[in-house]
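Numbering (my numbering), first residue to last: 371 to 438.
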């Protein structure tokens, strides 16, 4: 069972100045792309970053893996 909420990554936790150590959720501006848009029917794409080639793959279980 997957309990991950895909919207969780869009927030940064900020510690309040309050002594009770309460945490506030602050929205982040994150550019979001669909994996369908990135992969366009393929199961692996290359990403060039600072002269190095990374491979982003979709596994048989539908998860993403990034390899250098």
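The beta-carbon is built from N, C-alpha and C at its ideal position, and this holds for glycine as well.
Contact check, residue i vs residue j under 8 Å by CB: the rounded distance?
i, j, result
"residue 435", "residue 413", "Between residue 413 and residue 435 the Cβ distance is about 11 Å, and since that is not below 8 Å, they are no contact."
"residue 406", "residue 425", "That belief does not hold up - the Cβ atoms of residue 406 and residue 425 are roughly 18 Å apart, past 8 Å."
"residue 415", "residue 409", "6 Å"
Let me confirm a value: residue i is counted as buried when at least 16 other C-beta atoms fall within 10 Å, else exposed. Which label applies?
i, result
"residue 420", "exposed"
Under the DSSP definition of a beta bridge, which residues are partnered with residue i?
i, result
"residue 416", "425"
"residue 434", "428"
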